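Going by the numbering used here, the residue at position 36 of the sequence shown is 28; the numbering climbs one at a time, nothing skipped. Following: one structure in structure tokens, then a few remarks.
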Amino acid sequence: MELLDPYGPTVLEELAPMTDDGGFSFVFTVPAGVAPGKAGVTAYPYNVDWCDDTGVNNRAAQAAQDLVRVSCAQRLVPLVVLGPGS
-7 MELLDPYGPT VLEELAPMTD DGGFSFVFTV PAGVAPGKAG VTAYPYNVDW CDDTGVNNRA
53 AQAAQDLVRV SCAQRLVPLV VLGPGS
């Protein structure tokens, strides 16, 4: 699980148990100093390719050198960070 502050940097990164079907529950406190505003939460299984479960990008292994490779889209769930004591 990662918490990204309103400007994009990761401000919290933690591991949590996940069920075989991908379910999980995680409770956290927003770290002091995180800027108020729109933030985001993302979570994905530890140490696997975002696109599949092989651990490597096996879809473009034989591609031409001019192919630009990217990861799959990261799902980001919105979170609004309020100011201190809000």
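Cβ atoms here follow ideal geometry from the backbone N, Cα and C, with glycine treated the same way. Owing to the predicted nature of the structure, the values given are computational and were not obtained by experimental measurement.
Determine the DSSP secondary structure at Pro1, reduced to helix, strand or coil. coil
Exposed unless 16 or more other CB atoms sit within 10 angstroms - verdict on Asp12: exposed
Could you tell me the boundaries of the beta strand (DSSP E) in which Gly29 lies? Gly29 to Thr34
Report yes if the C-beta distance between Met(-7) and Ala31 is below 9 angstroms; otherwise report no. no
From Gly25 to Pro76, what does the alpha carbon distance come to, in whole angstroms? 9 angstroms
When the Cα of Glu5 is compared with those of Thr21, Leu74 and Val72, which residue comes out closest? Thr21
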